[in-house]
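Numbering (my numbering), first residue to last: -9 to 91.
Ideal placement from N, C-alpha and C gives every residue a C-beta, glycine not left out.
Some notes on the structure that comes next.
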């Protein structure tokens, strides 16, 4: 969960590619495509399915609300499992800054 409102709005603008964030969005899409490629190349363990990111579904959202969440798994008769992009980006940023220190 992103508690800093300014950071959340910046992440949202970067994901949507609003204004000057268009170049940032292109970079984010490139990074997510690279992660998707690396994840899809991983062999799965015996009975464990490894997650695979799919950036193509949200790359051109039809609604603003769709850009903040990705449906990871659809369940019949119950709620779907969603991945929050702002939360994921906040964690990635935290890890990258932690490693550079």
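Asked, Found
"Cα-Cα separation between residue 68 and residue -1, rounded to whole angstroms", "30 Å"
"For residue 22, the nearest candidate out of 65, 75 and 61 (CA to CA)", "75"
"Span separating the alpha-carbon of residue 25 from that of residue 17", "12 Å"
"Sheet register partners of residue 71 (DSSP bridge)", "63"
"DSSP state of residue 9 mapped onto helix, strand, coil", "helix"
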